[in-house]
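Asker: Residue numbers (our numbering): 563 to 928.
First the structure, which I've put down as structure tokens, then a few questions once you've had a look.
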Amino acid sequence: MLSPAFACPTQIPSGDGSARRVQAKAAHPKQVSSWIGIAPTLVLAGCSDWQSALHPHGANARKIFDLIWSFSAVAAGTWLLVMLALGAALLRRRLADRGRSAHEIDPRQERRFTHAVGGATALTVLVLIILTTASFFAGKSIASLSGTETLVVRITGHQWWWEVRYPKDDPSQSIVTANEIHVPVGEPVKVELDSLDVIHSFWVPGLAGKRDLIPGRPSELTLIADKPGIYRGQCAEFCGYQHAHMAITVIAESREAFDAWQSRQNTAASAPAGEEERRGQQAFLSTGCALCHTIRGTPASGTVGPDLSHLASRRALAADTLAMTPGALAAWIADPQSMKPGAKMPRIALSADDLNAVVTYLGSLE
Numbered sequence: 563m564l565s566p567a568f569a570c571p572t573q574i575p576s577g578d579g580s581a582r583r584v585q586a587k588a589a590h591p592k593q594v595s596s597w598i599g600i601a602p603t604l605v606l607a608g609c610s611d612w613q614s615a616l617h618p619h620g621a622n623a624r625k626i627f628d629l630i631w632s633f634s635a636v637a638a639g640t641w642l643l644v645m646l647a648l649g650a651a652l653l654r655r656r657l658a659d660r661g662r663s664a665h666e667i668d669p670r671q672e673r674r675f676t677h678a679v680g681g682a683t684a685l686t687v688l689v690l691i692i693l694t695t696a697s698f699f700a701g702k703s704i705a706s707l708s709g710t711e712t713l714v715v716r717i718t719g720h721q722w723w724w725e726v727r728y729p730k731d732d733p734s735q736s737i738v739t740a741n742e743i744h745v746p747v748g749e750p751v752k753v754e755l756d757s758l759d760v761i762h763s764f765w766v767p768g769l770a771g772k773r774d775l776i777p778g779r780p781s782e783l784t785l786i787a788d789k790p791g792i793y794r795g796q797c798a799e800f801c802g803y804q805h806a807h808m809a810i811t812v813i814a815e816s817r818e819a820f821d822a823w824q825s826r827q828n829t830a831a832s833a834p835a836g837e838e839e840r841r842g843q844q845a846f847l848s849t850g851c852a853l854c855h856t857i858r859g860t861p862a863s864g865t866v867g868p869d870l871s872h873l874a875s876r877r878a879l880a881a882d883t884l885a886m887t888p889g890a891l892a893a894w895i896a897d898p899q900s901m902k903p904g905a906k907m908p909r910i911a912l913s914a915d916d917l918n919a920v921v922t923y924l925g926s927l928e
């Protein structure tokens, strides 16, 4: 006697359970149509050019873009040839096998098979040689830009933010900021890369290719922006819990605008202009904030966290995790772990009045 698990599938048990199962089966096509309706949104998500290698805006990015399309065209052509050959082989074999014994071998057909396999192998080797050669010359062309740079930017990866430094012959004139790179349009920029903790990867796809940051092994790449704009980048190597929240922004602007930005960044932080700002500065200096952050022109000289001397001039907070608004800044200071769990910044106990004062003070540092 068969167990219930092996009962005939055509037997439908009676009762409410059967009705529910029938209804569930009837609803299945609707679920499929719902998924079909949702699926196009996944494709549309790739239409944005906010961070895309398919929308190049620099010499290096354009060479990589051309290489992507070359590889894609060859891959598509290869796939099409394979499908056509497979279809032709299946059709011809079916026609040739009519009236022939299953064990009968046609020598002519075997020779054709041998020639076809040999030709396909030779074609594969030729295609690989062509693609390898194209990759080599593209890489050589990108490398040839090295040494032509008019500006040096030194970037250090931290968990999970980017330290950005513009070194000068006079160290006191060096600019230190975080998570945002300002560059002049049309000028090659040498980006020196290093990491102080784990492996990161610097990638601004609209301007250049990806380059790893390995602790103790400095590397570099060249950025060129063809036109003014804001280009988003991202750490492209998993580096811990908040890897997804480690973005970087490149702001390309005219040489005049860039020089003006440099002049502002070279100055010390603004002195408090009112009572609320003075109270905020005092609260900042008397708590743990000053142990981790630097504000030039004040006793705060910590190096664990980002330099805050001109914090309000930036577009975003916490490596583009939050917008630069008073509300977001207050929320970040009050409880950074709820915004970016695992970040090194601890929760600092501040009264509501002190918190508002600190936000006012930091908001004045442009």
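Ideal placement from N, C-alpha and C gives every residue a C-beta, glycine not left out.
The structure presented is a predicted model; accordingly, all values stated were derived computationally and were not measured.
Have a look at the DSSP bridge pairing and note the partners of F764.
Answerer: For F764, which the question treats as bridged, DSSP gives the partners R773 and C797.
Asker: Closest to Q804 by C-alpha separation, out of W597, P746, V753 and V760, would be which residue?
Answerer: Answer by Cα proximity: V760.
Asker: Classify L912: buried if its beta carbon has 16 or more other beta carbons within 10 angstroms, exposed otherwise.
Answerer: So L912 ends up on the buried side.
Asker: Could you check whether H762 and E799 sit closer than 8 Å to each other, using their CB atoms as the reference points?
Answerer: Their beta carbons are under 8 Å apart, which means E799 touches H762 by this criterion.
Asker: Got a sec, what are the start and stop residues for the alpha helix (DSSP H) T922 sits in?
Answerer: Unbroken alpha helix (DSSP H) run through T922: A914 to G925.
Asker: Pull up the distance between the alpha-carbon of D756 and that of V715, whole angstroms please.
Answerer: When rounded, the distance between both Cα atoms is 11 Å.
Asker: One question on the structure: do T811 and N622 come within less than 8 Å of each other, judged by their Cβ atoms?
Answerer: Going by C-beta atoms, T811 is not nearer than 8 Å to N622.
Asker: At which residues does the alpha helix (DSSP H) containing G895 begin and terminate?
Answerer: It should be pointed out that residue 895 corresponds to Ile in this sequence rather than to Gly. First-last of the alpha helix (DSSP H) with I895: P888 to A896.
Asker: So, for Q585: in the same chain, excluding its five sequence neighbours on each side, which residues have a beta-carbon less than 8 Å away from its beta-carbon?
Answerer: Because Q585 carries a pLDDT of 48, less than 50, the predicted location of this residue cannot be relied on, and the following value inherits that uncertainty. Once the five neighbours on either side are set aside, Q585 has no close Cβ partner at all.
Asker: Rounded to whole angstroms, what is the Cα-Cα separation between S625 and A787?
Answerer: Checking the sequence, you will find Lys at residue 625 rather than Ser. Whole-angstrom Cα-Cα distance: 13 Å.
Asker: Run through the region 711-770 for me and flag every whole alpha helix (DSSP H) of 4 or more residues, listed as ranges in chain order.
Answerer: Runs of the alpha helix (DSSP H) inside the region 711-770: none found.
Asker: Give the DSSP-derived three-state secondary structure of I810 in the structure shown.
Answerer: If DSSP states are grouped into helix, strand and coil, I810 belongs with the strands.
Asker: With DSSP collapsed to three states, give me the class of G842.
Answerer: DSSP places G842 in helix when its eight states are reduced to three.
Asker: Taking Cβ positions, are R876 and A830 nearer each other than 8 Å?
Answerer: No, these two residues do not count as a Cβ contact at 8 Å.
Asker: Using alpha carbons as the reference points, say which of R674, F675 and L690 lies closest to A637.
Answerer: Checking every option, the nearest Cα to that of A637 belongs to L690.
Asker: Quick one: what's got a C-beta closer than 6 Å to Q843's C-beta in the same chain, skipping five residues either side?
Answerer: For Q843, where only same-chain residues beyond five positions count, the Cβ hits under 6 Å are P834 and Y923.
Asker: At a threshold of 7 Å, does H805 count as lining the ligand SAH (C-beta to nearest heavy atom)?
Answerer: No copy of the ligand SAH appears in this structure; indeed no ligand is present at all.
Asker: Nearest-angstrom Cα distance between P669 and R654?
Answerer: If I take the Cα positions, the gap works out to 15 Å.
Asker: Return the residue from the list K906, L847, R727 and I600 that minimises the CA-CA distance to E754.
Answerer: Answer by Cα proximity: R727.
Asker: Classify M645 as buried or exposed, calling it buried when 16 or more other Cβ atoms lie within 10 Å of its own Cβ.
Answerer: Counting Cβ neighbours within 10 Å, M645 comes out exposed, since fewer than 16 surround it.
Asker: Whose CA, out of G867, P908, M901 and R841, lies closest to the CA of L758?
Answerer: Nearest option by C-alpha distance: G867.
Asker: So for S825, helix, strand or coil by DSSP?
Answerer: The answer is helix: DSSP assigns S825 an H, G or I state.
Asker: Buried or exposed: where does H677 fall if 16 or more other Cβ atoms within 10 Å of its Cβ makes it buried?
Answerer: H677 comes out exposed.
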